[in-house]
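Take a look at the structure below.
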Amino acid sequence: LTGGLSDDAIRSIMTKETLQPILNHISQGSTMMIKDTGAWVITRLMQHGFLALEPVLQQPILQQTMALLDDSPKIAAHALNAVYLLASSVEQTLTSSSSAA
């Protein structure tokens, strides 16, 4: 998830089966290391576009991201970055849709 993979390859692994366990660990109050890693993963996913996620995952990931904003500063920073990337992704999608019309 840090680079080298195409957006299509990333999208192919962003499935409910691969992401749901991560979301479960984050939401169950796991250790700080697990929460930090999970928040980092969410941030990396947002780099490839929130709208590229399976629709069934969008709401749980958004809810988890918002919940992480109230966590420790390090974890909240990942969540804040994810929110920024989400907004950027949506803005790019809307801009490209407007340009195509």
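Going left to right, the sequence shown walks through residues 32 to 132 as this note's numbering numbers them. Note that beta-carbon positions come from the ideal geometry of N, C-alpha and C, so glycine has one too. Model, not experiment: these values are computed from the prediction.
According to the DSSP assignment, T46 belongs to no alpha helix (DSSP H), since it is labelled neither H nor E. If you draw a 10 Å sphere on the C-beta of Q51, you find fewer than 16 other C-beta atoms in it, and that means exposed. According to the DSSP assignment, Q90 belongs to the alpha helix (DSSP H) that extends over P86 to L99.
The C-alpha of Q123 lies about 17 Å from the C-alpha of Q89. Following the DSSP letters along the chain, one finds S119 inside the alpha helix (DSSP H) bounded by residues P104 to A131. Contact between A70 and L99 holds: their C-beta atoms lie close to 5 Å from each other, under 8 Å.
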